[in-house]
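One structure is given here, and the rest of the page talks about it.
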Amino acid sequence: EDGLRGVEKFSAMLFARDDRVRRVARLLGSSKPIFLTVDRPPEVSDHEYEQRKQTKLLLLCNRSMASCVGRGMLTLGTCDPLLAEALPIPKVCLAGRVPPTNAIMKLDP
Numbered sequence: 005e006d007g008l009r010g011v012e013k014f015s016a017m018l019f020a021r022d023d024r025v026r027r028v029a030r031l032l033g034s035s036k037p038i039f040l041t042v043d044r045p046p047e048v049s050d051h052e053y054e055q056r057k058q059t060k061l062l063l064l065c066n067r068s069m070a071s072c073v074g075r076g077m078l079t080l081g082t083c084d085p086l087l088a089e090a091l092p093i094p095k096v097c098l099a100g101r102v103p104p105t106n107a108i109m110k111l112d113p
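Numbering-wise (our numbering), the sequence shown opens with residue 5 and increments by one.
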């Protein structure tokens, strides 16, 4: 859950034929692994191919972390926090899903 379902449902009730909020929520969602595609030329070794995947995953994770600001702007004012309770903070997934096996790949430290 990335905290955008309530905004989507509320928007769908008010504007049934307008799906812009749903599209924005899809773009700003960061709770699922990123789909990672990296071309592999025949002359590239296995080690270099893994490095290319890690580099692309790092770039996509940076973009995913930047989307948190946009998600905060979209959901601003949608929750009424109590002073004694912690705010719900959605998870940010920093992993990638690599085709064709859909294996989950995490960033190397």
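Glycine included, each C-beta is placed from N, C-alpha and C at the ideal position.
Inset, instruction - Whole angstroms is fine: what's the gap from R27's alpha carbon to N66's? - result: Answer to the nearest angstrom: the Cα atoms are 20 Å apart.
Legend entry - I38 - partner residues in DSSP beta bridges: Note: I38 is bridge-paired with G100 in the DSSP secondary-structure output.
Inset, instruction - State the beta-bridge partners of A107 as determined by DSSP. - result: Paired residue(s): V102.
Legend entry - Candidates S15, V25 and L40: closest to G74 by CA position: Comparing alpha-carbon positions, the option among S15, V25 and L40 lying closest to G74 turns out to be V25.
Legend entry - Candidates S34, V48, S49 and K60: closest to V42 by CA position: Taking only the C-alpha atoms, the option nearest V42 is K60.
Legend entry - Per-residue burial, G100 [other beta carbons within 10 Å of its own, 16 or more giving buried]: G100 comes out buried.
Inset, instruction - Classify G142 as buried or exposed, calling it buried when 16 or more other Cβ atoms lie within 10 Å of its own Cβ. - result: With the chain represented from 5 up to 113, any question about residue 142 goes unanswered, as that position is not in the structure.
Inset, instruction - Grab the span of the alpha helix (DSSP H) containing F14 for me, first residue to last. - result: The continuous alpha helix (DSSP H) containing F14 extends over residues R9 to L18.
Inset, instruction - Give a yes or no on contact between the stretch 31-46 and the stretch 88-104, applying the rule of three or more CB pairs nearer than 8 Å. - result: Counting Cβ pairs under 8 Å, three or more are found: they touch.
Inset, instruction - Take L40 and list the residues in its own chain whose beta-carbon comes closer than 7 Å to its own, dropping the five residues that flank it on each side. - result: These residues qualify, in order along the chain: K57, K60, L61, L64, G100, R101, V102 and M109.
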